[in-house]
Ligand code: T4K
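Numbering (our numbering), first residue to last: 105 to 510.
Here it is, written out as structure tokens:
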């Protein structure tokens, strides 16, 4: 196989020292952006320049909002400059205070968006089968200060929305979803976007559907949508009239141009991701200790994350050693979510004992990793990545010996 990368035939050829990966064309990244039809993007940007309207609720933003709302089957889509600011705005608009229950097994932005608003994130453990917040473990974390639950649809797989709804209703809590990974995914056959009080998407460059940087808040609540619309624009409600505290959360026209272009190719992106996922499934089959996570066959997923779990005992080598070797070979596999929000600052100092209640999270953060996918790579590259992983696991004893002697 020749895809312009080194082909490993024996342990001596592996760069076991975990040298810094280089920014080469042949580097395979998790999160390499999908680019739609460039000519359509350039047309839109040209029109935008002719119009001389670059931001502040421009026509491209309005068009993309309508199209996304239609795509998701939700009443309101409010585009925001990124998902982290979108979470902060949603949290404020929902008037969350005190404590909010959130998984620790998530990207740090979920926790930071709460803390940034002066809210204490209370970390809940996850279900090891789905990697999502475990509803069974929520009730014991509820205190008189709890005002909401922030569920995260990890890897585009929906949370247990029904049970979260039931808990939120029982305890009169707000329910917000971090749907950063879940654009185009479904829960019980319905597009994610209309669940809970609101949902927040990320359209960052590393997401399969991107607007360079960007995000959105979606909701079926008219009053909430109006409030968010004002909040993202300094609290303005007309010229010279500010009626509430606000921030600058606006999406620019150039980002919306990218979004509209990405939306035209969304089926192709999802099909490519699915094809890549199936190639990984067949190429990784039979490698001891390496398990590709499986999504529900009756739900849509965008397959933007190829997630594997490494069982160190069965593989004879740790997840971290595999990641280090892949990095040294210019395959930038990632360890999302490592080490878990509760192990990062300021939470690590604020809650030094949080890990005692996060048994499953602690285990997952040691074994989960992601492999490159998206339209930037194809079957030969995936074959190469899998061949390398198979080789590493097969030669685990020799590799481990050399790693130990370094
Ligand atoms: N909630 C959840 C559950 C999230 O996962 C995220 C973000 C958020 C909320 C917040 O959304 P945003 O505020 O970002 O809209 C990356 C992304 O920056 C982040 O958006 C994403 N989740 C997270 C899971 O991954 P880093 O710190 O790992 O990024 P970085 O710079 O290491 O890049 C990741 C990989 O992508 C690298 O291997 C390089 C590659 N890459 C990146 C960019 C920007 C490219 O190949 N091309 C590019 O243009 O966070």
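In this text, a Cβ means the ideal position worked out from N, Cα and C, and glycines have one as well. No experiment lies behind these values; they were computed from the predicted model shown.
Check	Outcome
Taking Cβ positions, are residue 359 and residue 316 nearer each other than 8 Å?	yes
For residue 472, verify whether its CB is less than 7 Å away from any heavy atom of the ligand T4K.	no
Unbroken beta strand (DSSP E) runs of length 3 or more, entirely within the region 256-298: which are they?	278-282
Since I believe residue 370 is in contact with residue 190 (beta carbons under 8 Å), could you give me their beta-carbon distance rounded to a whole number of angstroms?	Rounded, the Cβ-Cβ distance is 20 Å, inconsistent with contact.
Quick check on residue 146: buried or exposed, where buried means 16 or more other Cβ atoms within 10 Å of its Cβ?	exposed
Need the endpoints of the alpha helix (DSSP H) that residue 373 sits in, please.	370-388
Less than 6 Å between C-beta atoms, sequence neighbours within five positions excluded: which residues of the same chain meet that for residue 388?	394, 396, 490
Any chance the CB of residue 477 is under 7 Å from a heavy atom of the ligand T4K?	no
Just reading off the beta strand (DSSP E) that residue 473 is part of, what are its end residues?	472-475
Tell whether a beta-carbon distance below 8 Å holds between residue 223 and residue 195.	yes
Is residue 137 near the ligand T4K, judged by its Cβ being under 7 Å from some heavy atom?	yes
Shorter than 7 Å, the distance from the beta carbon of residue 209 to the closest heavy atom of the ligand T4K, or not?	no
Is the beta carbon of residue 402 closer than 8 Å to that of residue 115?	no
Between the C-alpha atoms of residue 384 and residue 438, what's the straight-line distance to the nearest angstrom?	16 Å
How would you label residue 357, buried or exposed, when you count the other beta carbons within 10 angstroms and need 16 or more for buried?	buried
Should residue 188 be labelled buried (16 or more other beta-carbon atoms within 10 Å of its own) or exposed?	buried
In angstroms, rounded to a whole number, what distance separates the CA positions of residue 239 and residue 202?	20 Å
Our contact map puts residue 450 next to residue 309 with C-beta atoms below 8 Å; I'd like the distance itself, whole angstroms only.	In fact, because the Cβ distance is near 27 Å, the residues do not count as touching under 8 Å.
Under DSSP, the beta strand (DSSP E) around residue 413 begins and ends at which residues?	410-414
Taking the alpha-carbon positions, what's the residue 193 to residue 335 distance?	7 Å
Could you tell me the boundaries of the alpha helix (DSSP H) in which residue 483 lies?	483-498
List the whole-angstrom C-beta distance separating residue 503 from residue 493, where the pair is believed to meet the contact cut-off of C-beta under 8 Å.	Incorrect: roughly 12 Å between the Cβ atoms, too far for contact.
Between 255, 209, 455, which has its C-alpha nearest residue 466's C-alpha?	209
What separation, rounded to the nearest whole angstrom, lies between the Cα atoms of residue 127 and residue 366?	For residue 127, the predicted model reports a pLDDT of 46, less than 50, meaning its position is unreliable and no value from the coordinates is stated.
Does DSSP put residue 320 in a helix, in a strand, or in coil?	strand
Could you give the residue range of the beta strand (DSSP E) that holds residue 303?	302-306
Using beta-carbon positions only, say whether residue 319 and residue 279 come within less than 8 Å of one another.	no
Does the region 444-460 come close enough to the region 427-435 to have 3 or more Cβ pairs within less than 8 Å?	no
Using the three-state DSSP reduction, which class does residue 114 fall into: helix, strand or coil?	coil
Report yes if the C-beta of residue 359 is less than 7 Å from at least one heavy atom of the ligand T4K; otherwise report no.	no
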